[in-house]
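From first to last, the protein sequence lines stand for chains X and L. FYI, in the working numbering the residues of the first sequence are 5 to 136. FYI, in the working numbering the residues of the second sequence are 8 to 288. Ideal Cβ positions, reconstructed from N, Cα and C, are used throughout, including at glycine.
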Amino acid sequence: MRRRISTGTTAAAMGLVLLISAQAAAAVTWGAAKSASAPHGFNTGRALATTKQGSTTYVHQVYVNNYPGAHPAGDNPGNPREAVMYQRRTAAGAASGAAVRVNKSTEHGNGSSVAVAGSHVYVAWTHLAKYF
Amino acid sequence: MWSAIKSLTTSGEIDDPSVAASGSYVYIAYTNSLTGALKLQISSDFGAHFHDSGLSMTAITTSTCTNYCAYPSVAAAASNVGMAGLSGDTFTVSAWTSINHAASKADFTLTSGDAVGNPRVAALGNRIAFALPTCGGGCATAGIKAKVWQGGTLGPDRTAASYTTSSTYKRSYTADVGLSGTTGLGLAWNACRKAGCATDESPAAGSDMVWRESTDDGLSWKSPFTLQTSTGTTATGKQRRVNAYASIVFASATKRVVVFDAYNGPFNQGSVLLRVGSGAP
C-alpha cells in the first residue's frame with residue numbers, strides 16, 4: 005500500500021516537475037527595469053531599431069534630453085539647448101559605447117525617431133527655433 | 008561616423024517625425040502643424056536626396072484636420088511600406104500600404120470615431136503591422152487593436168485588450184507594435200487605471216506599461232505582462248506614476264526590448280526605462 009502511494013506520489017511529483025519545466029521553457033522572462041537615458045530623458049515612441057553585424061545584434065535607441073549637462077534647456081544664453089541623443093545597445097540592453105548628441109549643441113531638438121537599414125542608422129527629429 | 012545634418016524642411020511648423028528605412032530607401036513622415044497635413048518624404052539613395060511623395064491619406068485631409076492631424080508612423084521592409092496617422096477632428100485613424108516603395112498605395116481606415124491615441128506601424132519581411140488604442144462611447148469601452156497586412160492582403164482586426172469603466176484598466180493612449188519571425192507579433196501600451204488617465208497618490212494609481220504578444224499574428228494572445236506598475240509606493244515607485252510611449256523591437260526570435268517614459272508630473276522630468284524579455288512565448 006505504501007509503495008503504491010509512494011509510486012503515485014512520485015508520479016505526481018514527476019508530472020509536476022515536467023509541467024513546471026515545460027512552462028519555464030515556454031515562458032518569457034523579463035529582466036528588471038533599468039534606466040535607459042539621462043535624468044529628464046524622454047521619448048515619444050519610434051525610439052528603437054535593431055541591426056545585426058555578423059552574429060552580433062545591436063539595438064539603436066534615441067531619446068531627448070532637456071537637461072543636457074545637468075542644466076535645464078532654455079533659450080537664454082546660459083541655458084543648454086535640448087539634446088537629441090543616440091545610444092547603441094547590445095541585444096541585452098546594455099550600453100555599447102557612450103551616448104552621442106546628434107543635433108547641434110546650439111539648437112533645440114525634439115520628437116526623435118530612429119531607423120536602420122544594413123549598416124546605416126537614420127535619426128530624424130524636429131529642430132525647434134525656440135524651446136517654449 | 009555620422010553624416011552632416013540634412014534639413015528636410017526650411018519653414019513652417021513640423022512635428023512628430025517618424026523615420027523608416029529599407030535597402031537604399033529612407034522614408035520620413037511628419038506633420039505640417041500649420042496646414043494639418045501629414046507628409047511623407049522619400050529618399051532612394053541612402054538619404055542623400057529626398058522628395059515629397061505627394062501621398063496623402065484618403066480619410067485624413069486638411070478638412071478633417073482643422074483641430075489637428077498628427078502622429079504619423081511609417082515602417083518599411085523590402086519594398087513594402089506602411090503608414091498611419093490620426094485625424095483629431097474625426098478621430099479616424101487612416102493608413103495605407105504599398106508594395107513598391109510607396110510609388111502607389113492602398114488606403115484603408117483602421118478605426119473611425121473611436122481613436123484616442125497614436126497609431127504605430129512595424130514592418131518585417133512581407134508583413135506590416137498596425138496597432139492603436141481605441142476608445143468608444145466616451146471610453147466606456149476601450150482597448151488595443153492590431154491589424155496585420157501580409158503580401159498585399161489586409162488581415163482582420165485583432166484585439167489585444169478590452170477595457171470597460173469597471174475593469175482594472177480603463178483606457179490607453181499610446182501603443183507600439185513589433186514583428187518577429189513569420190507570425191510573431193508584440194505590443195506594448197500604456198494602461199490607465201483611472202478614467203481620464205489621471206494619476207492619484209492615495210490610493211496610488213496612474214498608467215501602467217503592459218506587454219502582450221502573439222505567435223499567430225494576433226489570432227490568439229499570450230497572457231499580458233505588466234512591464235511597469237504605476238502603483239508603487241517607494242520613492243522610486245512614486246516617480247513612475249505615468250508609464251507611456253513605448254518603443255519595442257525584437258532583437259531576435261527570443262529577445263524583445265522595450266523602452267518607455269516613466270515620470271510623475273511633467274513628462275520631461277522623468278527618464279526612459281528599458282526592459283528586456285528573453286525566451287519563447
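Residue interval of the beta strand (DSSP E) (run including residue i)
i: G193 of chain L; result: G191 to C199
i: V63 of chain X; result: T60 to N69
i: Q48 of chain L; result: A44 to S50
i: H124 of chain X; result: H124 to L132
i: E220 of chain L; result: S214 to S221
i: H112 of chain X; result: H112 to A121
i: I35 of chain L; result: Y32 to N39
i: F115 of chain L; result: A113 to T118
i: Y252 of chain L; result: V249 to S259
i: D183 of chain L; result: A182 to S187
i: I151 of chain L; result: T148 to Q157
i: M1 of chain L; result: It is not possible to answer for residue 1 of chain L, since the shown part of chain L is limited to 8 through 288.
i: T97 of chain L; result: Counting along the chain, T97 of chain L falls outside any beta strand (DSSP E), and DSSP gives it neither H nor E.
i: P140 of chain L; result: R134 to G143
i: G284 of chain L; result: S278 to S285
Secondary structure of residue i, DSSP reduced to three states
i: R8 of chain X; result: For R8 of chain X, the pLDDT reaches just 31, beneath the cut-off of 50, and the residue's location in the model is therefore unreliable, although a value from the coordinates is still provided. Looking at R8 of chain X - three-state DSSP - the assignment turns out to be helix.
i: D22 of chain L; result: strand
i: A74 of chain X; result: helix
i: G272 of chain L; result: coil
i: T238 of chain L; result: coil
i: K56 of chain X; result: strand
i: A202 of chain L; result: helix
i: K108 of chain X; result: coil
i: K13 of chain L; result: coil
i: T243 of chain L; result: helix
i: R165 of chain L; result: strand
i: D137 of chain X; result: Given a span of 5 to 136 for chain X in the structure shown, any question on residue 137 of chain X remains unanswerable.
i: F232 of chain L; result: strand
Beta-carbon contacts of residue i that lie in its chain and below 6 angstroms, excluding the five residues immediately before and after
i: A198 of chain L; result: Y176, S179, D215 and V217
i: A195 of chain L; result: D183, W218, A253, I255 and V265
i: Q246 of chain L; result: N271
i: D79 of chain X; result: K134 and Y135
i: S60 of chain L; result: L47, I49 and A109
i: T55 of chain X; result: Y62 and V120
i: T14 of chain X; result: Only weak support is given to the placement of T14 of chain X: the predicted model assigns it a pLDDT of 28, under 50, and the question is left unresolved by the model.
i: G213 of chain L; result: T206, S237, R248 and V249
i: R263 of chain L; result: G193, F257 and G284
i: G54 of chain L; result: V33
Residues near residue i by beta carbon distance below 7 angstroms, same chain, minus five either side
i: S40 of chain L; result: E20, I21 and D22
i: G188 of chain L; result: A260
i: T171 of chain L; result: A147 and T148
i: P43 of chain X; result: Y71
Proximal residues to residue i (C-beta, below 8 angstroms), its chain only, five neighbours per side dropped
i: L132 of chain X; result: E86, E111, H112, G113 and N114
i: A3 of chain X; result: Absent from the structure is residue 3 of chain X, since the part of chain X shown begins at 5 and ends at 136.
i: V104 of chain X; result: M89, Y90 and Q91
Residue i CB to nearest heavy atom of the ligand COA below 6 angstroms
i: V104 of chain X; result: In the structure shown, the ligand COA is absent, as is every other ligand, since no ligand is present at all.
Proximal residues of chain B, C-beta to C-beta of residue i below 8 angstroms
i: L280 of chain L; result: In the structure shown, chain B does not exist; the protein chains are X and L.
(message) Any C-beta of chain L within less than 8 angstroms: which residues of the stretch 36-56 of chain X qualify?
(response) A36, A37, K38, S39, A40, S41, A42, P43, H44, G45, F46, N47, T48, G49, R50, A51, L52, A53 and T54
(message) When you compare the stretch 114-124 of chain X with the stretch 18-32 of chain L, are there three or more beta-carbon pairs, one atom per stretch, that lie closer than 8 angstroms?
(response) yes
(request) Below 9 angstroms between beta carbons is the criterion; list the residues of the stretch 115-126 of chain X that meet it against any residue of chain L, in chain order. (result) G115, S116, S117, V118, A119, V120, A121, G122, H124, V125 and Y126
(request) Output, in sequence order along the chain, the residues in the stretch 63-93 of chain X whose CB is closer than 7 angstroms to any CB in chain L. (result) V63, Q65, Y67 and N70
(request) Taking a Cβ distance cut-off of 7 angstroms, strictly less, list which residues of the stretch 168-181 of chain L are near chain X, in chain order. (result) T181
(request) Inspect the CB distances between the stretch 144-159 of chain L and the stretch 269-279 of chain L and report whether three or more fall short of 8 angstroms. (result) no
(request) Could you name the residues of the stretch 125-140 of chain L whose beta carbon sits closer than 9 angstroms to any beta carbon of chain X, in the order they occur along the chain? (result) N125 and R127
(message) With a threshold of 8 angstroms, are at least 3 pairs of Cβ atoms found where one atom belongs to the stretch 47-60 of chain X and the other to the stretch 78-87 of chain X?
(response) no
(request) Could you run through the stretch 29-45 of chain L and flag, in chain order, every residue whose CB is less than 7 angstroms away from some CB of chain X? (result) S29, G30, V33 and I35
(request) State whether the stretch 83-90 of chain L contacts the stretch 139-146 of chain L, with contact taken as three or more CB pairs (one from each stretch) at a distance under 8 angstroms. (result) no
(request) Mind checking the stretch 202-222 of chain L against chain X and listing, in chain order, the residues whose C-beta falls within less than 7 angstroms of any C-beta there? (result) none
(request) For the stretch 218-249 of chain L, enumerate the residues whose C-beta is nearer than 9 angstroms to any C-beta of chain X, in chain order. (result) W218, E220, K229, F232, L234, Q235 and R247
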